[in-house]
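A short write-up of the structure that comes next.
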Amino acid sequence: MDLQKIIVPRFQNLKGTLRWVSDLHCLPDSEHYAFDFKDMDWIEPFPLLFLSANIRKFRNSKPRSRFTAMNFRDHSYPAHMGFFEAFNLHFGNKPGEAKGSDTYLPMTIVSVESLIREAAKKNYHVGDVLDTDAQRLAQLLTRAQRSRLVDTLAYALREIMRNAVEHSESGEFEYCGQYWPAQDKVEVAILDGGIGVRKSLSCNHKILSDDHAMRLALLPGVSGKALRNSKIEQYDHWDNSGYGLYLTSRLCAIGGSFLSA
0 MDLQKIIVPR FQNLKGTLRW VSDLHCLPDS EHYAFDFKDM DWIEPFPLLF LSANIRKFRN
60 SKPRSRFTAM NFRDHSYPAH MGFFEAFNLH FGNKPGEAKG SDTYLPMTIV SVESLIREAA
120 KKNYHVGDVL DTDAQRLAQL LTRAQRSRLV DTLAYALREI MRNAVEHSES GEFEYCGQYW
180 PAQDKVEVAI LDGGIGVRKS LSCNHKILSD DHAMRLALLP GVSGKALRNS KIEQYDHWDN
240 SGYGLYLTSR LCAIGGSFLS A
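In terms of numbering that gives the first Met the number 0, the sequence shown has 62 at position 63, counting the first letter as 1, and numbering is strictly consecutive.
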């Protein structure tokens with residue numbers, strides 16, 4: 000049987016993570032893919048989400064191939080966070096199964112369809128339903144239950160999740176977070192596998208490249224939503240189209256960093 004062995008390395012930076020995922024999707028067809036996790040070390044929130052989503056996508060793109068894994072049982076942290084179960088390797092917790100604490104939130108996969116259905120049932124805006132997830136992430140970032148800073152960060156995180164629901168055309172989005180007390184460092188990541196910023200904005204704007212799309216998305220008033228009529232019939236406090244990512248990036252620039260990719 001044709002066997003393709005795939006070494007999952009230690010991911011030390013963003014560039015290496017993106018390059019490995021790109022190489023993964025360029026692999027030739029094979030009857031059998033074997034993922035070897037022996038070199039994988041501590042894994043942070045963004046690669047945790049990004050790798051699991053892309054391994055899942057790779058597996059789904061090869062329905063006739065066999066998939067196996069080795070040297071993964073020593074990796075208790077990603078197993079606890081839901082990493083392996085996210086791409087159907089039955090080891091550890093399922094995404095969202097771990098309860099989390101004031102130092103971490105496990106991988107959580109949110110169904111867009113379920114979210115919209117819940118909002119309709121309660122006669123809420125989707126943003127209202129997302130507030131619980133946004134508050135959890137904001138409380139992790141601040142290690143506080145309620146403050147002006149928690150509310151500000153919850154707003155920023157909610158806007159990112161709203162973009163996933165309203166613009167990405169993805170069926171789901173994911174998030175997780177980790178706080179390292181010894182380093183006084185915290186990281187949260189939110190991921191969707193949708194159409195991308197370039198395609199989302201292209202209905203209203205002339206986009207020259209992916210980089211141009213990302214820079215444009217961070218400007219105030221830029222949106223991929225269909226252009227509205229000039230007559231506004233009813234005020235909607237959620238109707239801030241084109242300002243969510245701009246305000247979020249500005250807030251993050253004050254006390255940290257903001258990555259969109």
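Every residue gets a Cβ at the ideal spot worked out from N, C-alpha and C, and that includes glycine. Nothing here was measured: the structure is a model prediction, and the numbers come from that model.
field: Host alpha helix (DSSP H) of R65 (start-end)
entry: Premise fails: R65 lies in the beta strand (DSSP E), 65-69, not in any alpha helix (DSSP H).
- request: Give a yes or no on contact between the stretch 44-54 and the stretch 164-182, applying the rule of three or more CB pairs nearer than 8 Å.
  value: yes
message: Can you list, in chain order, the residues of its chain with a C-beta nearer than 8 Å to that of W41? Leave out the 5 residues immediately preceding and following it.
response: Y76
message: Please classify R116 as buried or exposed, where buried requires at least 16 neighbouring CB atoms within 10 angstroms.
response: exposed
field: Reference K37, options F10, T247, E30, closest by Cα
entry: F10
message: Taking the alpha-carbon of G126 as reference, which of F45, N162, N12, S60 has the nearest alpha-carbon?
response: N162
- prompt: How would you call E112, buried or exposed, if buried means at least 16 neighbouring beta carbons within 10 angstroms?
  reply: exposed
field: Bridge partners - C175, DSSP secondary structure assignment
entry: A188
For Y103, the residue or residues it bridges with in DSSP: Q177
- prompt: So, is R157 buried or exposed, given that buried needs 16 or more other C-beta atoms within 10 angstroms?
  reply: buried
- request: Specify the secondary structure class of V109 as computed by DSSP and reduced to three states.
  value: strand
task: Compare the beta carbon distance of F66 and R72 with 7 Å and say whether it is the shorter of the two.
output: no
- request: Provide the residue(s) that pair with L88 in DSSP beta bridges, ordered along the chain.
  value: Looking at the DSSP assignment, L88 forms no beta bridge with any residue, so it has no partner.
task: Under 8 Å by Cβ, that's how I've got A153 and Q177 pegged, so tell me the actual separation to the nearest angstrom.
output: Contact doesn't hold; Cβ gap of about 18 Å is too wide.
query: Should D35 and M69 be called a contact, given that it needs their Cβ atoms to be closer than 7 Å?
result: yes
field: Residue span of the alpha helix (DSSP H) that contains D127, given as start and end
entry: 125-141
query: Name the DSSP beta bridge partners of L2, please?
result: H31
- prompt: What's the gap between the Cα of Q182 and the Cα of A143?
  reply: 18 Å
task: Express the C-alpha separation of S29 and W19 in angstroms, rounding to a whole number.
output: 18 Å
- prompt: What is the rounded straight-line gap between the Cα of A155 and the Cα of L48?
  reply: 20 Å
task: Consult DSSP for I42 and reduce its assignment to one of helix, strand or coil.
output: coil
query: Any idea what DSSP makes of C251, helix, strand or coil?
result: helix
First and last residue of the uninterrupted alpha helix (DSSP H) at L23: 13-24
query: Using the C-alpha atoms, what's the distance from S169 back to G193?
result: 4 Å
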